[in-house]
Structures are given as structure tokens and as C-alpha cells.
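Participant:
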Amino acid sequence: MSKQEYKYVFGPVPSRRLGRSLGISPIPSKTCNFSCVYCQLGRTTNYTNTRKMFYPVLDIVDEVRRALLEKLDIDVITIVGDGEPTLYKGLGELISELKKISQIPIAVITNGALLCEAEVRKEISKADFVLPTLDAPNKELFKRINRPRKELDLDKITEGMIKFRKIFSGQLWLELMLVKDLNDDDNTLKVLKRIFDKIQPDKIFINVPIRPPAEKWVKIPLTERLQEALRILNAESIAHYDQLLVENIDKNSSPEKIILEITQRHPLREDQIFTLFPNVSKNEIMDLLLQMEKKEKIKRVEYNNRIFWQIKKSKKEKYE
Numbered sequence: 001m002s003k004q005e006y007k008y009v010f011g012p013v014p015s016r017r018l019g020r021s022l023g024i025s026p027i028p029s030k031t032c033n034f035s036c037v038y039c040q041l042g043r044t045t046n047y048t049n050t051r052k053m054f055y056p057v058l059d060i061v062d063e064v065r066r067a068l069l070e071k072l073d074i075d076v077i078t079i080v081g082d083g084e085p086t087l088y089k090g091l092g093e094l095i096s097e098l099k100k101i102s103q104i105p106i107a108v109i110t111n112g113a114l115l116c117e118a119e120v121r122k123e124i125s126k127a128d129f130v131l132p133t134l135d136a137p138n139k140e141l142f143k144r145i146n147r148p149r150k151e152l153d154l155d156k157i158t159e160g161m162i163k164f165r166k167i168f169s170g171q172l173w174l175e176l177m178l179v180k181d182l183n184d185d186d187n188t189l190k191v192l193k194r195i196f197d198k199i200q201p202d203k204i205f206i207n208v209p210i211r212p213p214a215e216k217w218v219k220i221p222l223t224e225r226l227q228e229a230l231r232i233l234n235a236e237s238i239a240h241y242d243q244l245l246v247e248n249i250d251k252n253s254s255p256e257k258i259i260l261e262i263t264q265r266h267p268l269r270e271d272q273i274f275t276l277f278p279n280v281s282k283n284e285i286m287d288l289l290l291q292m293e294k295k296e297k298i299k300r301v302e303y304n305n306r307i308f309w310q311i312k313k314s315k316k317e318k319y320e
């Protein structure tokens with residue numbers, strides 16, 4: 001976007017499912033009721049299941065209005081957050097207010113945990129697209145993969161998704177994150193298939209952890225396991241999408257600020273960082289990265305035979 005400073009709005013960025021997306025984060029960074037082992041943002045630091053009015057609705061709407069005045073090429077407005085957006089207590093009001101200022105479709109990307117609550121189902125039913133995630137068919141895998149708050153129950157969550165489908169007239173797209181040796185075997189996939197059939201989503205997408213995950217032991221499944229999962233679930237793959245939208249970056253910002261802004265959202269491949277600054281030598285960029293690492297702003301991570309740089313988190317939580 002332009003030189004204007006934005007607190008809640010980012011992008012537009014390329015969405016693997018929705019096209020060019022103007023993102024909204026209505027919650028503080030890493031505020032979530034899960035701490036998924038594959039999360040590209042690292043471990044959850046604000047581990048909560050309490051919904052709060054973190055920010056005034058109209059402040060967020062005002063930022064979206066300003067962004068839309070820039071006449072950006074936007075396919076969808078996506079409420080996603082750097083954590084779990086349904087923890088924002090003003091979510092329903094936010095969707096309603098956004099529809100007053102724009103006819104652009106609205107999507108909500110969620111882990112689906114709070115769909116067990118009737119109030120949350122009612123609020124997000126106002127959206128045009130809802131994209132929940134369901135990675136596990138049983139409580140044991142649910143705890144191992146998603147590391148939910150103790151009060152969250154998988155059976156109630158899946159039942160909430162089934163109930164939501166009955167009241168939601170928009171597009172319901174279900175996503176599964178496939179992790180090697182956790183949920184990529186045939187038996188697990190077949191049980192998930194039965195659950196998905198009950199939920200009746202319009203589409204099913206399978207993703208894999210292409211960026212550095214929260215836990216180093218998380219691995220990408222073998223290609224044949226991904227292909228079998230696609231077959232069993234009759235799903236579409238979004239497993240190889242890692243596009244970087246360079247043209248939307250404010251060229252007047254310093255390289256350090258640009259790197260920090262992007263790594264707040266997700267880890268950056270080292271080769272992608274070089275493409276961001278074609279007029280700066282690789283040696284200069286490497287010097288900057290090393291300086292930022294020394295200042296503990298970012299850190300270097302090797303994952304899947306590639307070098308990434310990600311934001312340095314100051315606080316970690318432990319999960320059982």
C-alpha cells in the first residue's frame with residue numbers, strides 16, 4: 001500500500017484460495033486458542049479462549065476505508081489475524097460495518113474452534129466465505145497437532161461446524177494441514193473423510209507446512225502421501241503456493257522496515273528477500289540481515305533445504 005501507516009490492515013497479498021486479498025488483523029499478534037505445531041508464526045504467546053473487544057470496530061473500518069480509497073486491485077477482504085480472529089468480540093459488527101462501505105466479498109479464515117458457540121456461528125454467517133481448519137479426527141491427534149486450550153472439545157467443534165453449515169448460505173471451504181507421520185496415513189484420512197462428509201463443505205483444500213513451523217520436528221509429507229490424501233478427500237492442493245507480491249510494498253520504506261513488516265506475517269525465504277530489493281546488492285542485503293540478527297530482530301532458520309528469515313519472538317510458552 002501507500003506511505004500511510006496501517007495498524008490493522010495489510011496487503012493486498014496473494015491468497016492461495018481467494019485471489020488478491022486485503023487482510024485485516026483484529027487481534028494482537030499471536031493471540032490464539034491453539035498453538036499448532038506447524039504454525040509459521042511460532043508458538044502462541046497469548047494463549048487464550050476468552051473473546052475480547054481488542055480494538056474499536058470503527059477504527060478498523062476506517063483503516064479499510066482508507067485502503068479502499070487507494071483503488072487497489074482487491075478480490076476479497078479477509079479477516080484473518082496473527083492468531084485466531086474469532087477471539088475478536090466485535091467480529092459480527094465488523095463484518096456488518098464492512099458491508100456498508102464496500103461490495104467486495106468478505107472472508108473469515110479461522111481454526112474453527114469457536115464454531116462450537118452459537119453466537120460465533122451467527123456472527124460469521126454474515127461473511128461471504130468462511131475457511132475453517134480441521135486437522136485431526138480424534139482427540140489424541142487434536143492435542144498433538146493443534147495443542148488447543150484444555151476447555152476446547154473436538155467433538156463439540158466438529159458438531160459446531162455441522163451446525164454452521166446448516167445456517168450459512170455462503171461458501172464454506174475446509175482446510176487440512178497435512179503433517180508427515182501425524183495425519184497423513186490412510187486410516188486417519190478415511191476417518192477425516194467421514195467427518196468432512198457430515199460437515200458438507202463446498203470445497204476442501206490440503207496444505208503442507210512449506211515455511212518454518214513452530215516445532216522443528218514438523219515435516220512435509222511425501223508427495224505420494226499428499227496425492228493419496230487429495231484422492232481420498234476429493235480435495236484441492238494449495239501445497240506449493242509461496243508467491244511474494246512485490247509490487248504492493250512501499251518502495252519508500254527502508255529495507256529493514258519492509259523485512260520486519262513481512263516477517264511479522266510469515267517467514268521469508270532468503271532468495272525472496274533479494275528479489276524485494278533489485279537495486280541493492282546481495283552483499284548489502286546479507287549485511288543488513290546479519291545486523292538485524294545481531295540485534296535479535298530476526299533469526300535465520302533452515303527448513304526443507306532452504307534458508308528462511310523469521311521474526312524473533314521475545315516470549316515463548318510451553319504446552320503439554
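Counted from 1, the sequence shown has number 191 at position 191 by the UniProt record's numbering; the numbering is strictly sequential.
Ideal Cβ placement from N, Cα and C applies to all residues, glycine included.
Since this is a predicted model, take the numbers as computed values, not measurements.
1. Which partner residues of glycine 19 appear in the DSSP bridge assignment?
2. Compute the Euclidean distance between the alpha carbons of leucine 68 and serine 102, then round it to the nearest angstrom.
3. My output table needs one value for isoleucine 285: the three-state DSSP class, helix, strand or coil.
4. Which whole-angstrom value describes the C-beta separation of asparagine 33 and threonine 45, a residue pair presumed to lie in contact below a C-beta threshold of 8 Å?
5. Can you tell which of Tyr303, Thr31, Glu70 and Arg43 has the C-alpha that lies nearest to the C-alpha of lysine 52?
6. Apply the 10 Å Cβ neighbour rule to glutamine 227 and answer buried if 16 or more other Cβ atoms are within range, or exposed otherwise.
7. By the 10 Å Cβ neighbour count, where 16 or more other Cβ atoms means buried, how is glutamine 310 classified, buried or exposed?
8. Name the two residues that bound the continuous beta strand (DSSP E) containing threonine 78.
9. Would you kindly work out how many angstroms separate the C-alpha atoms of residue 327 and lysine 143, rounded to a whole number?
10. Going by the beta-carbon positions, is the gap between arginine 306 and proline 267 smaller than 7 Å?
11. Could you name the residues of the same chain whose beta carbon sits closer than 8 Å to that of glutamate 236, not counting the 5 residues immediately before and after it, in chain order?
12. Whole angstroms is fine: what's the gap from leucine 260's alpha carbon to serine 254's?
13. Would DSSP call proline 221 helix, strand or coil?
14. Does DSSP put isoleucine 195 in a helix, in a strand, or in coil?
15. For phenylalanine 164 and aspartate 271, what's the separation of their Cα atoms in angstroms?
16. So, is threonine 223 buried or exposed, given that buried needs 16 or more other C-beta atoms within 10 angstroms?
17. Determine the DSSP secondary structure at residue 332, reduced to helix, strand or coil.
Facilitator: Reading it off the structure:
1. Against the sequence shown, residue 19 aligns to sequence position 19. DSSP output for glycine 19 lists Ser15 as bridge partner(s).
2. Here the question's residue 68 lines up with position 68 in the sequence shown. Here the question's residue 102 lines up with position 102 in the sequence shown. Taking the straight line joining both Cα atoms gives about 8 Å.
3. The count along the sequence shown starts at 1 and reaches residue 285 at position 285. Isoleucine 285: helix per DSSP, three-state reduction.
4. Here residue 33 corresponds to residue number 33 of the sequence shown, with the count starting at 1. Here residue 45 corresponds to residue number 45 of the sequence shown, with the count starting at 1. The pair is not a contact, with the Cβ atoms about 13 Å apart (cut-off 8 Å).
5. The residue given as residue 52 occupies position 52 in the sequence shown. For the residues Tyr303, Thr31, Glu70 and Arg43, the minimum Cα distance to lysine 52 belongs to Thr31.
6. Sequence index remark: in the sequence shown, residue 227 carries index 227 (1-based). Classification for glutamine 227: exposed.
7. Reading the sequence shown from its first residue, position 310 is the one you call residue 310. When all chains shown are included, glutamine 310 counts as buried.
8. Translated into the one-based positions of the sequence shown, residue 78 becomes position 78. Residues 76-79.
9. The chain is shown from 1 up to 320; residue 327 falls before or after that span and cannot be answered.
10. Your numbering for residue 306 matches position 306 in the sequence shown. Your numbering for residue 267 matches position 267 in the sequence shown. No. Outside cutoff.
11. Residue numbering aside, residue 236 sits at position 236 when the sequence shown is read from its first letter. Same-chain partners within the cutoff: Lys203, Ile204, Phe205, Ile206 and Leu230.
12. Start at 1 with the first residue of the sequence shown, and residue 260 comes out as number 260. Start at 1 with the first residue of the sequence shown, and residue 254 comes out as number 254. In a straight line, the C-alpha of leucine 260 is about 10 Å away from that of serine 254.
13. If you number the sequence shown from 1, residue 221 lands on position 221. Coil at proline 221, not helix or strand.
14. In the sequence shown, counting from the first residue as 1, residue 195 sits at position 195. If DSSP states are grouped into helix, strand and coil, isoleucine 195 belongs with the helices.
15. For the purposes of this step, residue 164 is taken as the residue at position 164 of the sequence shown. For the purposes of this step, residue 271 is taken as the residue at position 271 of the sequence shown. Roughly 42 Å between the two C-alpha positions.
16. For the purposes of this step, residue 223 is identified with residue 223 of the sequence shown, where counting begins at 1. Exposed, by the Cβ-count rule.
17. Summary: the structure shown does not reach residue 332, with the chain confined to residues 1 through 320, and so no result is reported for it.
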